[in-house]
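Colleague: Residues in the sequence shown are numbered consecutively from 16, following this note's numbering. Positions of the beta carbon are idealized from the N, C-alpha and C atoms, including for glycine. In this text, all values refer to a predicted model and were calculated from it rather than measured experimentally. I am attaching a structure below and will ask some questions about it afterwards.
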Amino acid sequence: MVDKDLRGRYAAGRIIAGSFHTRWFSLLVLRFSRAVLRGKNIRGLVCRERHIPSRNGGAPIRVRVYRPTAAVGPLPVMLYLHGGGYVHGVPEQFGSSIKDFIETEPCIIVAPDYRKAVESPYPAAFNDCYDTLLWIRDNAASIGGRTDRFIVSGHSAGGGLAAAVSLKATDTDDAKIAFQMPLYPMIDDRQNSASAVGNDAPVWDEEANRLAWSRYLDGVMNVTPYAAAARCTDYTKLPPTITYVGSIEPFRDETKIYVESLRRANVPVEFEVFDGAFHGFDVMVPDAPISKRANQFLMENFQKFVQRYFP
């Protein structure tokens, strides 16, 4: 059952979910977000834009760099990866979350406008995100950041990318990840869990999920954990994790299984399921009490993890 404070957006959420059943609408949303939101700054923060080189033959990657207006000393640096089902979105859409992180615990956030699956399927988005992590590693000092360890975070598809980036970073020792925050992450292309099959919840349902994965993995014959992090079989080296998910959305079970796998590997995890919440509830209805509770859970644990893992 949908949380009482989210019911007013149920109809709109179902329309949104239905719209994502078509490729043309995903392209329309992508083009609209690019036209309207690209370059939008966040009041109260220092906002800069850079174009960094791709290490995989792609075009230069547009990244947004956010920092507090007044900060002392090298700050923790976060790689933030925006949501959008791998098919649409820009970093600027998640400005509220970016501002909350920085105001909760001063840090620098680098957010790439990675390539989208409607134009460039896997591994384009993953490569852009990982290239951004390597750029952070090599340039953290020049933007006022700490160079010894980093945070990786993202919502939805961005959460899936965050989990995949953390996995490769730990596999290769390319960069030390202090902790990760893959929030209601899109991580399982198999879509065979009880919460994914037959899901008709608002915003993101079974059909939207199926089509998004088919676009992201178009032409991929062997799906690896870097493409779908739920396929990981060894969680022992993964970093401490903060995540949450809604109880009626498709990603509920894959998130719970991911958390259980981390805990079995003795990875510290802070996790919460929000009863009656659909996908992206905290972004779509930020003023609802349940959304405020989710944001409080996230920010309290974010602050705790920064203080614990950035001595």
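1. As an exercise, report each continuous alpha helix (DSSP H) stretch of at least 4 residues that is fully enclosed by the segment 99-179, in chain order.
2. Excluding sequence positions up to five away, which residues of its chain have a Cβ less than 6 Å from the Cβ of F320?
3. Beta-carbon within less than 8 Å of G54's beta-carbon, same chain only, minus the 5 sequence neighbours each way: which residues are those?
4. Going by C-alpha to C-alpha distance, which of N316, P83, C144, N71 sits closest to P94?
5. Using the C-alpha atoms, what's the distance from L21 back to H294?
6. What distance in whole Å lies between the Cβ atoms of V92 and C62, which are believed to be in contact at a cut-off of 8 Å?
7. What residues are listed by DSSP as bridge partners for L96?
8. Please classify G23: does DSSP put it in a helix, a strand, or coil?
9. Going by C-alpha distance, which of A140, K19, Q311 is nearest G73?
10. With a threshold of 16 other CB atoms inside 10 Å of the CB of G110, please say whether the residue is buried or exposed.
11. Can you tell me the Cβ-Cβ gap for S157 and V167, rounded? I've got them flagged as a contact below 8 Å.
12. Mind checking which residues open and close the alpha helix (DSSP H) that includes R279?
13. Using a Cβ-Cβ cutoff of less than 7 Å, which residues in the same chain neighbour D115 once the five nearest sequence positions on both sides are dropped?
14. Please list the terminal residues of the continuous alpha helix (DSSP H) segment that includes R305.
15. Could you check where the beta strand (DSSP E) with F194 kicks off and where it finishes?
16. Starting from Y81 and walking both ways along the beta strand (DSSP E), at which residues does that stretch end?
17. List the whole-angstrom C-beta distance separating G98 from A172, where the pair is believed to meet the contact cut-off of C-beta under 8 Å.
18. Put E287 into one of helix, strand or coil per three-state DSSP.
19. Once the 5 residues before and after L176 are set aside, which same chain residues still bring their CB inside 7 Å of it?
20. Count the other C-beta atoms from every protein chain shown that fall within 10 angstroms of the C-beta of V212, then say buried if there are 16 or more, exposed otherwise.
21. Go ahead and label A245 buried or exposed: buried means 16 or more other beta carbons lie within 10 angstroms of its beta carbon, across all protein chains shown.
22. Just confirm the distance between the C-beta atoms of V1 and T147, as a whole number of angstroms; I'd bet it's less than 8 Å.
23. Note the first and the last residue of the continuous beta strand (DSSP E) segment covering V260.
24. Once DSSP output is grouped into helix, strand and coil, what is the label at V61?
25. How many angstroms separate the CA atom of V270 from the CA atom of L198?
26. So what's G28 in DSSP terms, helix, strand or just coil?
27. If R308 and V288 are in contact, beta carbons under 8 Å, what's the gap, nearest whole angstrom?
28. Suppose contacts are defined by Cβ-Cβ distances below 7 Å. Is G238 in contact with D204 by that definition?
Modeller: Concretely, from the data shown:
1. 110-119, 139-154
2. F194
3. E64, E107
4. Here residue 94 is Leu; the residue named in the question, Pro, does not match the sequence. Checked all of N316, P83, C144, N71; the closest Cα to L94 is C144.
5. 11 Å
6. About 15 Å; that fails the 8 Å criterion.
7. G169
8. helix
9. A140
10. buried
11. With a Cβ gap of about 20 Å, S157 and V167 do not count as contacting.
12. 267-279
13. N310, M314
14. In the sequence as presented, Arg is not what sits at residue 305; that position holds Ile. Unbroken alpha helix (DSSP H) run through I305: 304-324.
15. 192-198
16. 76-83
17. 5 Å
18. Of the three classes helix, strand and coil, the one that applies to E287 here is strand, per DSSP.
19. Cβ contact annotation for L176 (same chain, cutoff 7 Å, sequence separation greater than five): L96, A140, F141, C144, G169, in chain order.
20. exposed
21. buried
22. With the chain running from 16 to 326 in the structure shown, residue 1 is simply not present.
23. 256-261
24. strand
25. What sits at residue 270 in the sequence shown is Thr, not Val. C-alpha separation (whole angstroms): 9 Å.
26. Its pLDDT being 47, under 50, G28 is placed unreliably by the model, and nothing is read from it.
27. Not confirmed; about 12 Å, so no contact.
28. The sequence given here has Val at residue 238, not Gly. Their beta carbons are under 7 Å apart, which means V238 touches D204 by this criterion.
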